[in-house]
Amino acid sequence: MELAVSLVFTFIVTVLFILVLRPVALAIGLVDVPGGRKRHKKQTPVIGGVAMYFGLLFGGMLLVIAPSIVSLLMGSSLLIVTGAIDDRFELPPSVRLIAQTCAVLVMVYAANLQLINLGAPLFFDLYLGAVSVPFTILVALTVINAFNVIDGIDGLAGGIAFIALGFMALISIGNDIFSLILLLMAVVTGFLVCNIPIKSNRQVTCFMGDAGSTFLGFSVAWVGISISQGESAPMAPVTALWLVAVPIYDVVTSVLRRIFIGRSPFKADRKHFHHILMQRGISAKGSLLIILTLSFFTASVGFIGQTLSLPDSIMFLLWLSCGGIYFQDIVLNKGERLLGLTSIFLLKFFSNKAFDQSISISSKDSKVN
876 MELAVSLVFT FIVTVLFILV LRPVALAIGL VDVPGGRKRH KKQTPVIGGV
926 AMYFGLLFGG MLLVIAPSIV SLLMGSSLLI VTGAIDDRFE LPPSVRLIAQ
976 TCAVLVMVYA ANLQLINLGA PLFFDLYLGA VSVPFTILVA LTVINAFNVI
1026 DGIDGLAGGI AFIALGFMAL ISIGNDIFSL ILLLMAVVTG FLVCNIPIKS
1076 NRQVTCFMGD AGSTFLGFSV AWVGISISQG ESAPMAPVTA LWLVAVPIYD
1126 VVTSVLRRIF IGRSPFKADR KHFHHILMQR GISAKGSLLI ILTLSFFTAS
1176 VGFIGQTLSL PDSIMFLLWL SCGGIYFQDI VLNKGERLLG LTSIFLLKFF
1226 SNKAFDQSIS ISSKDSKVN
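Going letter by letter, the sequence shown gives residues 876 to 1244 in our numbering.
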């Protein structure tokens, strides 16, 4: 009962902070301005990350949960402040990277969370030893920036985070961190109800901004490392790869593609999976549905492998193979195979008419120039 009350309270606090901060953001210019690569038509407050942070802060006060939540909030504070400043003034990538690294170091040294045992992905037990800390930093930074990069459609980063956290919660039932995962899901839900326009003519209340996407990426990385390390860890490290497969595939594909053509890996473009889908004439809602379906599918594969205790080597090689298919399809076929597979899957669960409406071209909300 106490947990249920805390979850409802956390959800309400997140929504209230969004509503209260919205006029403040409009007044001080903490907004996403239309133009360039952006699709929205009006100035939209980027306060979702701040609201989710305070939702977790106040919601956590009602529960007696792992003391290490303090380190999560400390690291998140760095990301929220830096992200909010970046949302307002556009900081250089180097400054953002330094702030993200500092947040990860808080996780490593304040919460004593680091990747030490990777299981047996290469047919033998892999212990990192002296390279544990730098490898942990690299992995966490990759996840943080993967969520930042994929935040290009209303509900996408939040939806993928919700899916990943949901499967982590199922795997962690009975563990101390279970309540914290549910709190994170509650703040994400509070944001999503304000971010996803149910009706096509309804303007979204807010965006999460860089503050929100980096907060979510950090939280998912924090939880994933926490439940995959230690003697009594409920989740294999390789399972975590499946739970965040789509954003990891997308960011790695983008970086490699830019390097291959001689461009800076930090320079944004419109060649991510969600961009490709909309360039094919699919609406934003349709693209969201397709990518979340793909994310749910990959996470389900990881969960099934975890449940059946499949060998780490098999799960890792399968994950790498899927990543190779993703890279090849996005770079060479513009997502044709991924679109086809997810469309077939969705048609099994939705009527043709409903699905056709969800992926139809929307010149009003989703047209890409």
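Where a beta carbon is used, it is the ideal one built from N, C-alpha and C, also for glycine. Since the model is a prediction, treat every value here as computed from it, not as a measurement.
Practice task
Could you name the residues of the same chain whose beta carbon sits closer than 8 angstroms to that of A900, not counting the 5 residues immediately before and after it, in chain order?
Solution key: Mapped onto the sequence shown, residue 900 falls at position 25. If we look at A900 and ignore the five residues flanking it on each side, its Cβ neighbours are V906, P920, V921, I922 and C1081.
Problem - Selected residue, minimal CA-CA separation from Q918, among Y928, V883 and D962 - result: Counting from one through the sequence shown, the residue named residue 918 turns up at place 43. Measuring from the Cα of Q918, the nearest candidate turns out to be D962.
Handout entry: According to DSSP, residues forming a beta bridge with T957
Key = Position 82 of the sequence shown, counted from the start, is the residue given in the question as residue 957. None; T957 has no bridge partner.
Exercise for the section: Could you check the C-alpha separation between L834 and F1042 for me, to the nearest Å? Expected result: Limits of the chain in this structure are 876 at one end and 1244 at the other, which puts residue 834 out of reach.
Problem - Of the residues L993, G1065 and L1045, the one placed nearest E1106, counting alpha carbons only - result: The residue labelled residue 1106 in the question sits at position 231 within the sequence shown. Ranking the options by Cα distance to E1106, first place goes to L993.
Practice task
Write down every uninterrupted run of the alpha helix (DSSP H) in the segment 1090-1177 whose length is 4 residues or greater and which is fully enclosed by it, in chain order.
Solution key: 1112-1118, 1120-1135 and 1148-1154
Practice task
Express the C-alpha separation of S1088 and V970 in angstroms, rounding to a whole number.
Solution key: Numbered from its first residue, the sequence shown carries residue 970 at position 95. Numbered from its first residue, the sequence shown carries residue 1088 at position 213. Roughly 16 angstroms between the two C-alpha positions.
Problem - Straight-line Cα distance separating V890 from N1076 - result: Taking the first residue of the sequence shown as 1, we reach residue 1076 at position 201. Taking the first residue of the sequence shown as 1, we reach residue 890 at position 15. Note that N1076 scores 49 on pLDDT, short of 50, meaning its location in the model is unreliable and no value can be drawn from it.
Problem - Other residues of its chain near S1188: CB distance less than 8 angstroms, five sequence neighbours each side excluded - result: For the purposes of this step, residue 1188 is identified with residue 313 of the sequence shown, where counting begins at 1. Around S1188: A995, P996, L997 and F998.
Problem - For N1070, the residue or residues it bridges with in DSSP - result: Stepping through the sequence shown from its first residue, residue 1070 is reached at position 195. None, per the DSSP bridge assignment.
Practice task
Would you check if the distance between the CB atom of A1015 and the CB atom of F1022 is smaller than 9 angstroms?
Solution key: If you number the sequence shown from 1, residue 1015 lands on position 140. If you number the sequence shown from 1, residue 1022 lands on position 147. The answer is no: Cβ separation not under 9 angstroms.
Handout entry: Among G904, F886 and A978, the one whose alpha carbon lies nearest that of L1013
Key = For the purposes of this step, residue 1013 is taken as residue 138 along the sequence shown, with counting starting at 1. Comparing Cα-Cα distances from L1013 to each of G904, F886 and A978, the minimum goes to A978.
Problem - Spatial neighbours of L947 in its chain, beta-carbon cut-off 6 angstroms, leaving aside the 5 residues before and after - result: Counting from 1 along the sequence shown, the entry for residue 947 is found at position 72. Contacts found: W1097.
Exercise for the section: Please state if the CB of V1121 and the CB of F1148 are separated by a distance shorter than 9 angstroms. Expected result: Here residue 1148 refers to the residue found at position 273 when the sequence shown is read from its first residue. Here residue 1121 refers to the residue found at position 246 when the sequence shown is read from its first residue. Contact flag set, yes.
Problem - Spatially closest choice to G1177 from I1038, I1151, K1160 and Q1203, by CA coordinates - result: Looking up residue 1177 in the sequence shown gives position 302. The residue with the shortest Cα to Cα distance from G1177 is I1038.
Problem - Through-space distance from G930 to E877, alpha-carbon basis - result: Position 2 of the sequence shown, counting from 1, holds the residue named residue 877. Position 55 of the sequence shown, counting from 1, holds the residue named residue 930. The straight-line gap from Cα to Cα measures roughly 16 angstroms.
Problem - Cα-Cα separation, N1070 to L1118 - result: Here residue 1070 refers to the residue found at position 195 of the sequence shown. Here residue 1118 refers to the residue found at position 243 of the sequence shown. Rounded to the nearest angstrom, the two C-alpha atoms are 23 angstroms apart.
Problem - M936 versus F1066, V895, I903 and S881, residue with shortest Cα-Cα distance - result: The residue labelled residue 936 in the question sits at position 61 within the sequence shown. Among F1066, V895, I903 and S881, the Cα nearest to that of M936 belongs to S881.
Problem - P1112 burial status per 10 Å Cβ neighbour count (16 or more: buried) - result: Residue 1112 sits at position 237 when you count from the first residue of the sequence shown. By the neighbour-count rule (16 or more Cβ atoms within 10 Å), P1112 is buried.
Handout entry: Selection from F886, I1056 and S1129 that minimises the alpha carbon distance to L1207
Key = One-based indexing of the sequence shown puts residue 1207 at position 332. Nearest C-alpha to L1207: S1129.
Problem - Proximity below 9 angstroms, CB of G1092 to CB of V981 - result: The residue given as residue 1092 occupies position 217 in the sequence shown. The residue given as residue 981 occupies position 106 in the sequence shown. Going by C-beta atoms, G1092 is not nearer than 9 angstroms to V981.
Practice task
Rank V983, N1020, I1157 and L1116 by C-alpha distance to the C-alpha of V1006 and give the top, closest one.
Solution key: As a working note, residue 1006 is residue 131 in the sequence shown. Closest option to V1006, Cα to Cα, is V983.
Practice task
Assuming A1086 and I955 form a contact by the criterion Cβ under 8 angstroms, report the distance between their Cβ atoms to the nearest whole angstrom.
Solution key: Locating residue 1086 in the sequence shown gives position 211, counting from the first residue. Locating residue 955 in the sequence shown gives position 80, counting from the first residue. The Cβ separation is near 5 angstroms, so the contact holds.
Problem - Where D1026 falls: helix, strand or coil (DSSP) - result: Against the sequence shown, residue 1026 aligns to sequence position 151. Residue state, collapsed to three classes: coil.
Problem - Own chain partners of F1141 with C-beta closer than 7 angstroms, once the 5 adjacent residues on each side are dropped - result: The residue given as residue 1141 occupies position 266 in the sequence shown. If we look at F1141 and ignore the five residues flanking it on each side, its Cβ neighbours are P968.
Exercise for the section: Using 10 angstroms around the beta-carbon of L894, count the other beta-carbons present and answer buried if the total reaches 16, otherwise exposed. Expected result: Within the sequence shown, the letter at position 19 stands for residue 894. Label assigned to L894: exposed.
Handout entry: Opening and closing residue of the alpha helix (DSSP H) in which E877 lies
Key = Locating residue 877 in the sequence shown gives position 2, counting from the first residue. First-last of the alpha helix (DSSP H) with E877: E877 to I903.
Problem - Contact under 9 angstroms by Cβ, S1139 with R1132 - result: In the sequence shown, counting from the first residue as 1, residue 1139 sits at position 264. In the sequence shown, counting from the first residue as 1, residue 1132 sits at position 257. The answer is no: Cβ separation not under 9 angstroms.
Exercise for the section: Check the Cβ-Cβ distances between V956 and every residue of chain C, and say whether any is below 9 angstroms. Expected result: Of the protein chains in the structure, only one exists, and it is not chain C.
Problem - Three-state secondary structure assigned by DSSP to N1076 - result: Taking the first residue of the sequence shown as position 1, residue 1076 is located at position 201. Low per-residue confidence applies at N1076: pLDDT is 49, beneath 50, and the placement is therefore not dependable, though the value from the model is reported in the following sentence. Here N1076 sits in coil by DSSP.
Exercise for the section: With a threshold of 16 other CB atoms inside 10 Å of the CB of V883, please say whether the residue is buried or exposed. Expected result: Counting from one through the sequence shown, the residue named residue 883 turns up at place 8. Classification of V883: exposed, given that the 10 Å Cβ count is below 16.
Problem - Alpha-carbon to alpha-carbon, A985 and M1153 - result: Working through the sequence shown from its first residue, we reach residue 1153 at position 278. Working through the sequence shown from its first residue, we reach residue 985 at position 110. So the alpha carbons of these two residues sit roughly 42 angstroms apart.
Problem - Test item: CB-CB of L1167 and G1034 under 9 angstroms - result: The sequence position of residue 1167 within the sequence shown is 292, counting from 1. The sequence position of residue 1034 within the sequence shown is 159, counting from 1. It is a contact, given that the beta carbons lie within the stated cut-off.
Problem - Nearest-angstrom Cβ-Cβ length linking G1030 and Y1124, presumed shorter than 8 angstroms - result: Taking the sequence shown and counting its residues from 1, one reaches residue 1030 at position 155. Taking the sequence shown and counting its residues from 1, one reaches residue 1124 at position 249. Not confirmed; about 19 angstroms, so no contact.
Problem - Spatially closest choice to I887 from V1008, D1000 and A1061, by CA coordinates - result: Position 12 of the sequence shown, counted from the start, is the residue given in the question as residue 887. Answer by Cα proximity: A1061.
Practice task
Excluding the 5 residues preceding and the 5 following S1162 in the sequence, name in chain order all residues of the same chain whose CB lies nearer than 7 angstroms to its CB.
Solution key: For the purposes of this step, residue 1162 is identified with residue 287 of the sequence shown, where counting begins at 1. Around S1162: I1028, H1149, L1152 and M1153.
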